[in-house]
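Peer 1: Would you mind keeping the following structure in view while I ask a few things?
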Amino acid sequence: MSDNQNLLAEQRRALILDEVRRRGGVRVNELTRRLGVSDMTIRRDLDALARQGVVAKVHGGAVPVAEASTHEPGFEAKSVLEPSAKDEIARAAAALVLPGSAIALSGGTTTYALARRLLDVPDLTVVTNSVRVADVFHEARPAVGEGARAATVVLTGGVRTPSDALVGPVADRAVRSLHFDLLFLGVHGLSVEAGLSTPNLAEAETNGCLIRSARRVVVVADHTKWGTVGLSSFGVLGEVDTWVTDRGMAPEVRAEVAEHVPGLLVAGEAAG
48 MSDNQNLLAE QRRALILDEV RRRGGVRVNE LTRRLGVSDM TIRRDLDALA
98 RQGVVAKVHG GAVPVAEAST HEPGFEAKSV LEPSAKDEIA RAAAALVLPG
148 SAIALSGGTT TYALARRLLD VPDLTVVTNS VRVADVFHEA RPAVGEGARA
198 ATVVLTGGVR TPSDALVGPV ADRAVRSLHF DLLFLGVHGL SVEAGLSTPN
248 LAEAETNGCL IRSARRVVVV ADHTKWGTVG LSSFGVLGEV DTWVTDRGMA
298 PEVRAEVAEH VPGLLVAGEA AG
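Note that the numbering used here has the sequence shown beginning at 48, numbered continuously upward.
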């Protein structure tokens, strides 16, 4: 794959992680031939992926780390994973938002990236159960006289999760009483069998409420979320109108997703 010789380190590591997860393990010498880089470069990449906790190094290569379905990483831990992909996804998702819309953003690091891209969209009403998302809009409050552009933010109450989402009965009641044009939903994982899932039982219930209150559901998630299954499912793929993802998604995965999700928007690629 000579086209990969000049890949940025982050892109190369995303490819390596895909291989590890798809095949259940990789060898260093295989990766050097496929990616056209040195053994030392591949070993540094594996070291970086091991520090992120997504692979385990073994003699001559690496294997995936099997996480428990109840494992829920904190916001800071998730924010260092796939940062460029999340930014591309956020840019593409922001283009779907019209001025004056009522939208909802769930908790998550990708929805956080999206919130920062929405600050210049005028007259939004934003419903969120994410403390981090609400802070983005709060800290960017316009100066006096520019209020017509400011977003109206509705932050649900609830119990705070490790990923800084507010969940539970208080959040659920707030969401059920509202209706919004677009929901941008971050997920722990997606699969054909489990649909949309999360490790947190209370978050699953709140996310389900968000889906039922939205006219359109847009999942914002990088390609590594495909095939990941959390403890609790809260929706099926057929409830997703659009999945905005990144270019790391393999062609065969795209074909599989297209069978279940009406719209697949790959950030950074031309429409159509």
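A virtual CB, placed ideally from N, CA and C, is assigned to each residue, including glycine. In this text, all values refer to a predicted model and were calculated from it rather than measured experimentally.
1. Pick from 184, 231, 99: whose alpha carbon is nearest that of residue 261?
2. Report the option in 141, 187, 287 whose CA atom is closest to the CA atom of residue 165.
3. Would residue 181 count as contacting chain D if we go by Cβ distances under 8 Å?
4. Restricting to runs no shorter than 4 residues, where is the alpha helix (DSSP H) found entirely within the region 246 to 272?
5. Grab me the residues of residue 280's own chain with a C-beta within less than 6 Å of its C-beta, minus the 5 sequence neighbours each way, in chain order.
6. The beta strand (DSSP E) spanning residue 172 covers which residue range?
7. Does residue 188 pass the burial test, meaning 16 or more other C-beta atoms within 10 Å, or should it be called exposed?
8. If you count every other CB in all the chains shown that lies within 10 Å of the CB of residue 59, and 16 or more means buried, which is it?
9. Identify whether residue 71 lies in helix, strand or coil by the three-state DSSP scheme.
10. According to DSSP, simplified to helix, strand and coil, what is residue 167?
11. Answer with buried or exposed for residue 205, where buried requires no fewer than 16 other C-beta atoms within 10 angstroms of its C-beta.
12. Is the distance from the Cβ of residue 73 to the Cβ of residue 108 below 8 Å?
13. Going by beta carbon distance, what residues of the same chain come within less than 7 Å of residue 307, once the five residues before and after it are set aside?
14. Could you compute how far the alpha carbon of residue 213 sits from the alpha carbon of residue 254?
15. How big is the Cα-Cα spacing for residue 274 and residue 267?
Peer 2: Quick answer:
1. As a first step, residue 261 must be located in the sequence shown, where it is residue number 214. Checked all of 184, 231, 99; the closest Cα to residue 261 is 231.
2. The residue labelled residue 165 in the question sits at position 118 within the sequence shown. Closest by alpha carbon: 141.
3. Protein chains in the displayed structure number just one, and chain D is not present.
4. Look at the region 246 to 272 and you find these whole runs of alpha helix (DSSP H), each 4 residues long or longer: 248 to 259.
5. Locating residue 280 in the sequence shown gives position 233, where the first residue counts as 1. For residue 280, where only same-chain residues beyond five positions count, the Cβ hits under 6 Å are 241, 242, 244.
6. Translated into positions along the sequence shown, residue 172 becomes position 125. Where residue 172 is concerned, the enclosing beta strand (DSSP E) stretches over 172 to 175.
7. Within the sequence shown, the letter at position 141 stands for residue 188. With fewer than 16 other Cβ atoms within 10 Å, it is exposed.
8. The sequence position of residue 59 within the sequence shown is 12, counting from 1. Flag for residue 59 reads buried.
9. In the sequence shown, the residue the question calls residue 71 occupies position 24. Taken through DSSP and simplified to helix, strand or coil, residue 71 comes out as coil.
10. Working through the sequence shown from its first residue, we reach residue 167 at position 120. Here residue 167 sits in coil by DSSP.
11. The residue given as residue 205 occupies position 158 in the sequence shown. Result: buried.
12. In the sequence shown, residue 73 corresponds to position 26, counting from 1. In the sequence shown, residue 108 corresponds to position 61, counting from 1. Contact annotation: residue 73 and residue 108 have beta-carbon atoms nearer than 8 Å.
13. For this step, residue 307 is matched to residue 260 along the sequence shown. Excluding sequence neighbours, residue 307 sits near 239, 284, 285.
14. Counted from its first residue, the sequence shown places residue 213 at position 166. Counted from its first residue, the sequence shown places residue 254 at position 207. Taking the straight line joining both Cα atoms gives about 10 Å.
15. Your numbering for residue 274 matches position 227 in the sequence shown. Your numbering for residue 267 matches position 220 in the sequence shown. Here the C-alpha atom of residue 274 lies approximately 15 Å from the C-alpha atom of residue 267.
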